[in-house]
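Protein chains in written order, with this note's numbering: chain A, 6 to 191; chain B, 6 to 191. First up is the structure itself, then whatever we jot down about it.
2 protein chains.
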Amino acid sequence: MNDLEGLTPEQIDKISKARERVIDSIGKNMDLYGITLSIGHLYGYMYFNQGPVTLDELSKTMGMSKTSMSTGVRTLLDLKMIDKVWGRGTRKDLFTTVPDWHQNFSDYFSIKWRKAVEGNMISLAKSLAEINDMKKEYSDDSKLMQLLNTDEEKITESINYYRWLLKLIESFENGKIFEFIPKEES
Amino acid sequence: MNDLEGLTPEQIDKISKARERVIDSIGKNMDLYGITLSIGHLYGYMYFNQGPVTLDELSKTMGMSKTSMSTGVRTLLDLKMIDKVWGRGTRKDLFTTVPDWHQNFSDYFSIKWRKAVEGNMISLAKSLAEINDMKKEYSDDSKLMQLLNTDEEKITESINYYRWLLKLIESFENGKIFEFIPKEES
DNA sequence: TTTAGTGTACAGTTTTAACTTTACGTACTT
DNA sequence: AAGTACGTAAAGTTAAAACTGTACACTAAA
């Protein structure tokens with residue numbers, strides 16, 4: 006957190022301003038997919054820092070408690086946006102960003118969405134089965150049957166959507182999405 | 006909100022349970038992309054109801070204030086997940102779901118992300134320009150130059166990511182994504 | 001013009017989430 | 001074995017968001 010040491014105050018000011026703006030937009034971006042603004046900033050600082058940082062350094066730079074850094078860092082670890090790295094000569098944990106944002110993006114959806122979507126699909130399947138049971142049981146009640154049919158149709162359509170979504174998530178996971186939308190060269 | 010009228014209590018119970026489960030998973034799904042659980046439920050109820058509903062009906066069914074329904078409905082309207090429809094013989098506003106979830110998904114990202122991403126790109130470009138100015142100004146200070154270069158590289162990489170993201174969003178907007186990952190037939 | 005019905009802005013309340021302080025368990029050092 | 005450094009759990013506090021009730025503006029009918 007001190008890679009600006011040895012520069013003139015004016016230089017520090019200029020660089021800091023430029024960095025600050027980027028860090029801010031990183032924060033806003035992460036906010037878009039449900040990560041706290043402050044954790045976004047946390048990532049931003051780490052992103053610009055040369056080399057890994059400790060909880061204490063983060064705490065000092067962010068002006069927040071060490072506990073907050075601990076939880077924030079853990080969130081980012083869970084999302085695979087940062088790594089814990091080993092450093093000789095210190096007992097402190099060291100953390101560094103995973104700088105591949107395309108990968109971050111993919112991991113995020115994979116981690117956060119896959120499980121939920123799969124859970125939802127199970128629920129839908131269960132309800133669909135119940136509807137079908139009812140269709141057998143009350144097959145002579147035409148008014149009810151009509152209702153059951155529209156419900157069935159709606160659930161089926163939802164399942165189709167989730168299936169699509171799952172395939173999208175898979176294309177993130179296996180990188181096929183980058184065949185469809187290539188990363189920028191350079 | 007009363008399309009179950011005329012059924013036996015047992016039938017109502019069964020259907021309600023099946024629906025409730027689906028509505029719940031709809032809520033959870035929408036929660037994934039930052040929509041309140043309760044608004045998700047709101048959508049879920051509307052999704053299953055035959056025909057459009059009024060704020061008062063929603064309020065009664067959801068057991069929440071009419072004000073909340075008003076704001077919730079407005080949120081869903083902004084995201085183009087529901088439509089306001091016209092009904093003869095009533096002065097109440099009528100709302101109905103847009104049942105195409107693939108479209109909903111696309112709209113959501115288009116609406117929620119595009120603007121933010123574009124804003125971020127502008128910020129990054131500004132910072133990049135400042136870094137480049139500094140590179141000219143302090144071209145004789147090799148330590149500083151090194152720092153500036155790594156910063157520049159990081160910002161450039163970010164911009165690449167945002168460009169990619171924008172292209173992804175565009176593929177949602179123009180439907181090209183469905184050529185890559187087709188909707189399920191059936 | 002009045003009157004009744006409707007949606008929403010606004011202020012107030014409650015619930016939820018973020019953050020801090022304190023305290024503790026673990027692991028390393030001596 | 002005792003002390004120290006470190007990360008985090010737990011409880012407490014503060015800030016933010018969700019939600020409610022009231023009041024008001026607008027429209028349409030009488």
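Every residue gets a Cβ at the ideal spot worked out from N, C-alpha and C, and that includes glycine.
For A:T101, the residue or residues it bridges with in DSSP: A:D88
How would you list, in chain order, the residues of chain B whose beta-carbon sits under 7 Å from the beta-carbon of A:R26? S128, K131, S132
Does the distance from the C-beta atom of B:L99 to that of A:V27 stay below 8 Å? no
Keeping to the same chain, check which residues put their C-beta closer than 8 Å to that of B:W91; ignore five residues upstream and five downstream. L99
Could you tell me which residues DSSP pairs with A:V58 in its beta bridges? A:F100
Given B:K71, which residues of its chain have a CB within under 7 Å of its CB, disregarding the five upstream and five downstream residues? L60, D61, S64
Determine whether the beta carbon atoms of B:P57 and A:E162 lie at a separation below 8 Å. no
Proximity test, B:R119 beta-carbon vs the ligand ATP heavy atom, cut-off 7 Å: Within the structure as shown, the ligand ATP is missing, as the structure has no ligands at all.
At a CB-CB cut-off below 8 Å, which residues of chain A make contact with B:E162? P104, W106
Span of the alpha helix (DSSP H) around B:D8: It is not in any alpha helix (DSSP H) - B:D8 carries neither H nor E in the DSSP assignment.
Quick check: B:G126 and B:T102, are their CB atoms within less than 8 Å of each other? Going by the sequence as given, residue 126 of chain B is Met instead of Gly. In this structure, B:T102 does not lie closer than 8 Å to B:M126 by Cβ.
How big is the Cα-Cα spacing for B:L153 and A:I31? 19 Å
Separation of A:R168 from B:G124, as counted between CA atoms: 32 Å
A:T155 versus chain B: which residues are under 8 Å apart at the beta carbon? Q55
Assuming A:W106 and A:I174 form a contact by the criterion Cβ under 8 Å, report the distance between their Cβ atoms to the nearest whole angstrom. With 8 Å as the limit, A:W106 and A:I174 do not qualify as a contact, their Cβ atoms being about 18 Å apart.
Helix, strand or coil for B:Y38 per DSSP? coil
Among A:I20, A:L37, A:R93, the one whose alpha carbon lies nearest that of B:K120: A:L37
Is the beta carbon of B:K159 less than 8 Å from the beta carbon of B:M150? no
Tell me the DSSP secondary structure of A:G68 in three-state form. coil
Given that a residue counts as buried once 16 or more other Cβ atoms are within 10 Å of its Cβ, and exposed if not, what is A:G180? exposed
Excluding the 5 residues preceding and the 5 following B:D112 in the sequence, name in chain order all residues of the same chain whose CB lies nearer than 7 Å to its CB. L84, K85
Test item: CB-CB of A:M35 and A:Y50 under 8 Å: no
For the segment 123-180 of chain A, which segments carrying the beta strand (DSSP E) assignment without a break, of at least 3 residues, lie completely within its bounds, in sequence order? none
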